[in-house]
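To start, the structure under review is shown below, and the notes come after it.
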Amino acid sequence: MGILLWIIFGALVGWIASIIMKTDAEQGPLLNIIVGIVGAVIGGWIMSFFGQSGTTGFNLYSFIVALIGACVLIAIVRAIRR
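The letter at position 79 of the sequence shown is residue 86 when you use our numbering, and the numbering goes up by one with no holes.
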């Protein structure tokens, strides 16, 4: 994936994850992009732990994997901040 697609993909994933985790008011667009990209890496690592492939491109499977990773990232940050 090109860098522009990673940014768009990260923004979408980060935004949806922040809505699911109810942190949308606390995050701006830049933080949504960062959460989405890092979430894709974390989600890929989690899926490889279970023997599945990680993010494979701009498709529904990769979106769900990245969304899981982004939600895990937000939960970890919440736990550390408390």
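Idealized CB from N, CA, C, for every residue including glycine. Since the structure is predicted, the reported quantities are computational estimates derived from the model, not experimental observations.
Query raised in the report: Would a check of beta-carbon distances place residue 32 closer than 7 Å to chain B?
Result: The structure shown contains no chain B; it holds only a single protein chain.
Query raised in the report: When burial is assigned at 16 or more other CB atoms within 10 Å of the CB, is residue 63 buried or exposed?
Result: Within the sequence shown, the letter at position 56 stands for residue 63. Label assigned to residue 63: exposed.
Report task. Return helix, strand or coil for residue 66, following the three-state DSSP convention. Result -> Against the sequence shown, residue 66 aligns to sequence position 59. Note: residue 66 maps to coil in three-state DSSP.
Report task. Determine the closest residue to residue 13 out of 89, 85, 39, 53, with distance taken between C-alpha atoms. Result -> Numbered from 1 along the sequence shown, position 6 holds the residue referred to as residue 13. Among 89, 85, 39, 53, the Cα nearest to that of residue 13 is on 39.
Query raised in the report: How is residue 56 classed by DSSP in three states: helix, strand or coil?
Result: Here residue 56 refers to the residue found at position 49 of the sequence shown. Residue 56 falls in the helix class under three-state DSSP.
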